[in-house]
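J.:
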Amino acid sequence: MYVGITNLEVANKHTQWFEINQVIIHPTFEMFHPVGGDVALVQSKSAIVFSDYVLPICLPSSNLNLSDLSCWTTGWGMVSPQVLRLWALLQPERGLCGGEGMDSHSAPEGHT
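With positions in the sequence shown counted from 1, the corresponding number in this note's numbering is that position plus 766.
1) Using DSSP with H/G/I as helix, E/B as strand and the rest coil, what is residue 824?
2) Kindly list the residues whose CB is nearer than 6 Å to the CB of residue 809, restricted to its own chain and excluding five residues on each side of it in sequence; keep chain order.
3) For residue 768, name the three-state secondary structure that DSSP assigns.
4) Check the C-beta distance from residue 791 over to residue 781 and give it rounded, since I have them as a contact under 8 Å.
5) Locate the beta strand (DSSP E) running through residue 787, then write down its first and last residues.
6) Under three-state DSSP, which class holds residue 777?
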């Protein structure tokens, strides 16, 4: 598994590679389905080194009100184009993300 990579074809000085110990796929995952269940937990065999370019995700508690917060996500989707994309989530009230307990490293300036 690669972390810290923003282009699927080009590694950079922030890219790290890890062997995978275990993958837990979301129970509602359906390949090629446009929404829902497209997430998994991945356990690496060794510890990931966090930096300004490699950060853990922070999930809020289910009772946190997110209606007035801005949320961001990154991902390749169906890996086209090959460059990582950044989206603003326009409906944070769905409980997808939150800013509570995060610092300025949550979305590094100029990094997608």
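C-beta: ideal position from N, C-alpha, C; glycine also.
T.: Checking against the coordinates, here is how it stands:
1) Coil at residue 824, not helix or strand.
2) Leaving aside the five residues that flank residue 809 on each side, the residues in its chain whose CB is nearer than 6 Å to its CB run, in chain order, 787 and 788.
3) DSSP places residue 768 in strand when its eight states are reduced to three.
4) Not a contact, Cβ separation roughly 24 Å.
5) Its beta strand (DSSP E) spans residues 786-791.
6) In the three-state reduction of the DSSP assignment, residue 777 falls in the coil class.
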